[in-house]
Every structure is written in C-alpha cells, then in structure tokens.
Amino acid sequence: PSLIETLYPDESYRQQLFKEREERGGNYRDWEMTLTSKSGEPKTILWSNISDLYPVPGWHTWAVGIDVTEQRRAEEALRNSEANFRQYAENTDLIIWLYGMDERKAMYINPAWEKTFGSTCQEYLERPAIWLDHVHEEDLEYCDSVRESARRTGYEQAYEIEYRMVTADGQLRWMRDRTFPIRDASGKIYRIAGYLEDITERKEASEILQRQLRFEALLAEMSSELLSLDPEEIDENVDKWMERIGEHTG
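Here is the structure:
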C-alpha cells in the first residue's frame, strides 16, 4: 500500500479528504484529520499549510502537523460521564476546569493546576480569576478581552488562544487555552469546560523552524543575486550580505 493508504486505510475517508482538499485549496490552517499510526492507534492531527508564508526553495509545498489526540480525548471525557471524566482528569498534565452556568461558579479544577501554579484547587474554586495572576503582563489584556467577548455571547462558540503564563517555580511557559460549551439534551449550555496545555517546546521548535526557513530563503536569494554580479560588484556587496546574515543568526 502507498503511504496515503497506510495513514488513511479507509477508502471512503480518503476520498472525503481529497474532496475537502480541493475545496480548501492550497492554504489551510488547523485542518483536523484522523490517521493511523505505526502502532495501529488512531491519531488526531491538526494540519496547517504555511508554505506561502515561509516558502522553501525547491519545495512545491509543505505543512506542519500537530498531534492533538490527547486534547480531543480530554474534550470527550468532559462530555462523558462524571466517573470517566474524573478518571482522566486526575491523571493528565492538561489543566482541566469546569464552570457551572446555572450555579455561576467554578465547579472543578484538576490537580494539574496545583502542580503547575502552586495555589491549591480550593483557592481556584473560591476565586477562579486567580489564573489571571499567572498570565504574563504583556498578554493579560488580550486574554481578558477574549474571555469577556466569549462571556458576552454566552459562550456559544468554542475558542482557542495562546499566551504566556508564569508557573509556581517562576518559569515562563506558553499555554494553549481551549474553552468550549457543554450542552444538555435540550441543547441548553449548562457547563463551560476548558483546558490549558503547555506548548512551550512546540512553540520554540516552531520558531526555530521558521528562522531556519527564513535563513534558507535568504541564502537562496543571495545565491541568485551572486550569480548575476561581476567580481567588483560582489566585493561591493559583501558587507551588506554579511549584515543580513548577521540579522538572521544573531
């Protein structure tokens, strides 16, 4: 079987992806797919094609895939029975929380909160806004405005943002914050749920990759320019090229 057939063994699902690929075109972000891993386990991947933003000389296109299997399991657990939810929540590094719309108060925060930020779960339940105490001051206004906007619309739509937080030991970490509504049988929103995921390593790796791609693009541009110059012009441009390389390498 081909690589595509191995990753997506179900033919009808493959055809669905091909059709959606045509509809989306060459540029897309956070396109969610389920593929089959080497172990046979299904994995949920978010694909983003950023080749237009960061073209690589000689490459027609390229994309970045992020494994969000654990996050989707967390969301499923939140929607399932309380017993299943607590079993998952007590044993994950994701910080998971629940807010009661009717009760108008925080209903639950898992132990990962205390492990990461130091304050107790009870302190969070008594003052949910305590999470703002840990948000980096430069991201505070942004986080507050997004949550306020969601509150005004009754949390009808899920949202996802990224920002920096300071942990109990003083580390600055990038966090992905996803919040979504939970509805009862009648469709009424009765819980708001969410989780915080530490994405620092992923963020740093992405930034390194982007710097490398920009540097490769610069070298390709300089190589092309070099071939069009005579020896005297090359000497005249050496300082300019070295300065541009220095801007990328630090």
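Numbering (the working numbering), first residue to last: 403 to 652. For each residue, glycine too, the CB sits at the ideal point set by N, CA and C.
With a CB to CB cut of under 8 Å and the five nearest residues on each side skipped, what residues in its chain are close to E540?
-> Reading the sequence shown from its first residue, position 138 is the one you call residue 540. Answer for E540: R566, listed in chain order.
Please classify Y415: does DSSP put it in a helix, a strand, or coil?
-> Residue 415 sits at position 13 when you count from the first residue of the sequence shown. Helix at Y415.
Cα-Cα separation between R549 and E422, rounded to whole angstroms | Position 147 of the sequence shown, counted from the first residue, corresponds to residue 549. Position 20 of the sequence shown, counted from the first residue, corresponds to residue 422. Cα-Cα distance, rounded: 32 Å.
For T581, the nearest candidate out of Y597, A531, T569 (CA to CA) = Within the sequence shown, the letter at position 179 stands for residue 581. Distance check between T581 and each of Y597, A531, T569 places Y597 closest, using alpha-carbon atoms only.
Presumed contact (8 Å Cβ cut-off) between A508 and W499, rounded CB distance = Working through the sequence shown from its first residue, we reach residue 508 at position 106. Working through the sequence shown from its first residue, we reach residue 499 at position 97. Right, their Cβ atoms sit about 7 Å apart.
Determine the burial state of E599: buried for a count of at least 16 other Cβ atoms within 10 Å of its Cβ, exposed for fewer.
-> Residue 599 sits at position 197 when you count from the first residue of the sequence shown. Buried is the call here.
Of the residues E603, Q489, A531, D535, which one's Cα is nearest the Cα of P513?
-> Position 111 of the sequence shown, counted from the start, is the residue given in the question as residue 513. For P513, the nearest C-alpha among the options comes from Q489.
To which residues does DSSP link Y675 through a beta bridge?
-> The structure shown does not extend to residue 675, since the chain spans only 403 to 652, so no value can be given for it.
Which residue or residues does DSSP assign as beta-bridge partners of V537?
-> Your numbering for residue 537 matches position 135 in the sequence shown. Answer is M567, bridged to V537.
Candidates S441, R426, R604: which alpha carbon is nearest T408's?
-> The residue you call residue 408 lines up with position 6 of the sequence shown. Comparing Cα-Cα distances from T408 to each of S441, R426, R604, the minimum goes to S441.
Who are I348's beta bridge partners in DSSP?
-> Only positions 403 to 652 of the chain appear in this structure, which leaves residue 348 out of reach.
Rounded to the nearest angstrom, how far is the Cβ of S450 from that of R431, given a contact under 8 Å?
-> Along the sequence shown, one-based indexing puts residue 450 at 48. Along the sequence shown, one-based indexing puts residue 431 at 29. 5 Å between Cβ atoms; contact.
Give the C-beta separation of A476 and L496 to the nearest angstrom, bearing in mind that I take them to be a contact with Cβ-Cβ under 8 Å.
-> Here residue 476 is taken as the residue at index 74 of the sequence shown, counted from 1. Here residue 496 is taken as the residue at index 94 of the sequence shown, counted from 1. That belief holds up - the Cβ atoms of A476 and L496 are roughly 5 Å apart, short of 8 Å.
How would you label Q473, buried or exposed, when you count the other beta carbons within 10 angstroms and need 16 or more for buried?
-> Taking the first residue of the sequence shown as 1, we reach residue 473 at position 71. Label assigned to Q473: buried.
At which residues does the beta strand (DSSP E) containing A552 begin and terminate?
-> Sequence index remark: in the sequence shown, residue 552 carries index 150 (1-based). Note, A552: premise wrong, no beta strand (DSSP E); alpha helix (DSSP H) at 542-554.
Taking only beta-carbon atoms, is G502 less than 9 Å away from chain D?
-> You won't find chain D in this structure, because it holds only one protein chain.
How is the beta strand (DSSP E) around L527 delimited, first residue to last?
-> Numbered from its first residue, the sequence shown carries residue 527 at position 125. Note, L527: premise wrong, no beta strand (DSSP E); alpha helix (DSSP H) at 523-528.
State buried or exposed for T518, treating a residue as buried only when at least 16 other CB atoms are found within 10 Å of its CB.
-> Position 116 of the sequence shown, counted from the start, is the residue given in the question as residue 518. Buried, since its Cβ has 16 or more Cβ neighbours within 10 Å.
Excluding the five sequence neighbours on either side, which residues of its own chain have a C-beta within less than 6 Å of the C-beta of P530, listed in chain order?
-> In the sequence shown, residue 530 corresponds to position 128, counting from 1. Excluding sequence neighbours, P530 sits near A508.
Taking N451 as part of the beta strand (DSSP E), name the residues at either end of that continuous run.
-> Position 49 of the sequence shown, counting from 1, holds the residue named residue 451. 444-451 is the span of the beta strand (DSSP E), which, as asked, contains N451.
Which residue's Cα is closest to the Cα of E434: E425, G428, G427, T446?
-> Numbered from 1 along the sequence shown, position 32 holds the residue referred to as residue 434. Comparing Cα-Cα distances from E434 to each of E425, G428, G427, T446, the minimum goes to T446.
R604: which of S414, M577, A587, A595 sits nearest, CA to CA?
-> Here residue 604 corresponds to residue number 202 of the sequence shown, with the count starting at 1. Comparing Cα-Cα distances from R604 to each of S414, M577, A587, A595, the minimum goes to M577.
Indicate the three-state DSSP secondary structure (helix, strand or coil) for I532 in the structure shown.
-> Here residue 532 refers to the residue found at position 130 of the sequence shown. The answer is helix: DSSP assigns I532 an H, G or I state.
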